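If you count the sequence shown from 1, you need to add 96 to reach our numbering. In this text, a Cβ means the ideal position worked out from N, Cα and C, and glycines have one as well. Computed from a predicted model, the values in this text were never measured in an experiment.
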Amino acid sequence: MKIGISCYPTHGGSGVVAAELGLQLANAGHEIHIVSYATPFRLNTFHPNIKIHDVEVAAYPLFKYPPFALSLATKLAEIAKEYGLDILHAHYAVPHATSAWLAKQIIAPTKIKLITTLHGTDITLVGADASFQRVVKFSIEQSDGVTAVSNYLRKRTQEEFGVKHDIRVLYNFIDPARGDNPTHVCKKSQYAPDNEFLLMHASNFRPVKRVTDIVRIFAKVRDAVPARLLLIGEGPERMLVQQVVKDLGIQKDVIFMGQVDLIDDLLKCADIFLLPSEQESFGLAALEAMNCRVPVIGATTGGLPEVVVHGETGFLFPVGDIKDMANACIELLKNPAQHAAFREAARKRAVEEFGIDVIMPRWMKFYEEVLAG
Ligand code: GMT
């Protein structure tokens, strides 16, 4: 197959999923064209079956808001025609699905198929905004195939947009090998030198991630057991989070790592991964942690309960329930046998339910069905 994938290149789940899917397809011998405004950070190595196409957006004083969606549509149309693509696969509906639809009109008549993968905020926050609602609904309905990253997201899309289109749930996946290899880069003692426990979080530090809750959870944990907190990522709330750390007087025990491309080596040093988000359609970072044998403590929100099994691979509580999340951390850390059992259960679930060998055949079947449809 020849597949064009459009996605965001930045640190964030949708770009990671698009890049990893592209890599798996390329490894299987398919021809992959990634179309984005920069090289996705997980694709910064050469692969003979992957071509990266940069979208350049015209700058002109008249444009207060440069029309990225139009530049993307033009690029997708050019590439689809030049390489004879079979499929255009848009990751994150806004604006990729709409640009893909426009590209298809530009090169009509064509047999090319459109697939849209919904990741979360394209539906729950951005897509449901009144200014986007109709165009997102239209673009979903015009797709030949639509996938969502969880049952929760499928339901929300159907309810909020009144979409009748069949939506296939295809869960995000992990490479089991990445969770298993010995640690080369991260030595736990570098971050928790006195045998303290190490709590970890990784995100884009947007308000939806509630990173300040993490700091408050950690402050309670630290009062009960020796522990450090390692925060991975960058984003709009970073300064606020630093201020809360300062206000609580725990600067010495909180490490800000900034952006890290491959977080597995760090995750392997963690005792607990925290994800208390307001909203999480899937929670890829939680799955990556589980793959590295790290139990997850977070919020019962969105699709996260489809990934983390409460009482088995971690604990989930209502959004904002800092007290219970902290207590669950303390209990788990004070009980080494239970902690070890959770570690193994997390890894087992990640591999058995979300491993490449489980999820990739579903993607292949889906692509074939769309092509045949
Ligand atoms: O975080 C976002 O705003 C969008 C997106 C991203 O690019 O990181 O995240 C969503 O897609 C991920 C990959 O499918 C999911 O694991 C995240 O749960 C989802 N984020 C939200 O729903 C907030």
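Query, Result
"Helix, strand or coil, according to DSSP, for SER102 in the structure here?", "strand"
"With a cut-off of 8 Å, do at least 3 Cβ pairs link the stretch 286 to 302 to the stretch 346 to 362?", "yes"
"What would DSSP say about GLY345, mapped onto helix, strand or coil?", "coil"
"In the stretch 190 to 227, which residue ranges form an unbroken beta strand (DSSP E) of at least 3 residues, counting only runs that do not cross its ends?", "209 to 214"
"In chain order, what residues of the same chain have a beta carbon less than 7 Å from the beta carbon of PRO401, not counting five sequence neighbours either side?", "LEU412"
"Just reading off the alpha helix (DSSP H) that GLU333 is part of, what are its end residues?", "Unbroken run through GLU333: none, as it is neither H nor E."
"Does at least one heavy atom of the ligand GMT sit under 7 Å from the Cβ of HIS185?", "no"
"Can you give, in chain order, each stretch of the alpha helix (DSSP H) that sits fully within the stretch 276 to 317 and has at least 4 residues?", "284 to 287"
"Going by DSSP in three states, MET456 sits in which element: helix, strand or coil?", "helix"
"Anyone know if the C-beta pair for GLY416 and ASP309 falls short of 8 Å?", "yes"
"Grouping DSSP H, G and I as helix and E and B as strand, with all else coil, what is LYS364?", "coil"
"With distance defined between alpha-carbon atoms, name the residue in TYR188, LYS98, ALA323, GLY331 nearest to GLY354.", "GLY331"
"Which residues in the same chain have their Cβ closer than 7 Å to the Cβ of LEU344, if we skip the five residues on either side of it in sequence?", "VAL311, ALA315"
"Looking at C-beta atoms only, is the number of pairs between the stretch 385 to 394 and the stretch 319 to 331 that lie closer than 8 Å three or more?", "no"
"Looking at the structure shown, is LYS147 part of a helix, part of a strand, or coil, going by DSSP?", "strand"
"GLY132 lies in the beta strand (DSSP E); which residues open and close that run?", "The displayed chain sequence assigns Ser, not Gly, to residue 132. Segment 127 to 132, the beta strand (DSSP E) holding SER132."
"Whole angstroms are fine: how far does the CA of PRO162 sit from the CA of PRO78?", "For residue 78 there is no data in the structure shown, the boundaries of the chain being 97 and 469."
"Just list the beta strand (DSSP E) runs in the stretch 380 to 433, keeping only unbroken ones of 3 residues or longer that don't cross its boundaries, in chain order.", "392 to 395, 410 to 413"
"Could you check which residue in LYS260, SER227, ARG264 has the C-alpha nearest to that of ARG243?", "Note on residue identity: the sequence assigns Thr, not Arg, to residue 243. Per the Cα distances, ARG264."
"What do you reckon, is the C-beta of HIS297 under 7 Å from a heavy atom of the ligand GMT?", "no"
"Any chance the CB of GLY398 is under 7 Å from a heavy atom of the ligand GMT?", "yes"
"May I ask you to list the residues that DSSP assigns as paired with ALA114?", "BP columns for ALA114 are empty, so no partner."
"With H, G and I counted as helix, E and B as strand and the rest as coil, what does DSSP make of PHE159?", "coil"
"Any idea if GLN434 is buried or exposed, counting beta-carbon neighbours within 10 angstroms, 16 or more meaning buried?", "exposed"
"Do you know offhand how far ILE418's Cα is from GLN229's?", "34 Å"
"I'd like to check one pair, ASN247 with VAL113: are the Cβ atoms closer than 8 Å?", "no"
"Please state if the CB of VAL190 and the CB of SER167 are separated by a distance shorter than 8 Å.", "no"
"Whole angstroms is fine: what's the gap from VAL232's alpha carbon to THR213's?", "12 Å"
"Count the other CB atoms, across all protein chains shown, that sit within 10 Å of the CB of HIS192; report buried if there are 16 or more and exposed otherwise.", "buried"
"Evaluate contact between the stretch 139 to 153 and the stretch 332 to 341, counting only Cβ atoms and requiring at least three cross-stretch pairs below 8 Å.", "no"
"Using three-state DSSP, classify VAL340 as helix, strand or coil.", "helix"
"PRO242 lies in the beta strand (DSSP E); which residues open and close that run?", "The question names Pro, yet the displayed sequence has Val at residue 242. Residues 241 to 244."
"Using DSSP with H/G/I as helix, E/B as strand and the rest coil, what is HIS435?", "helix"
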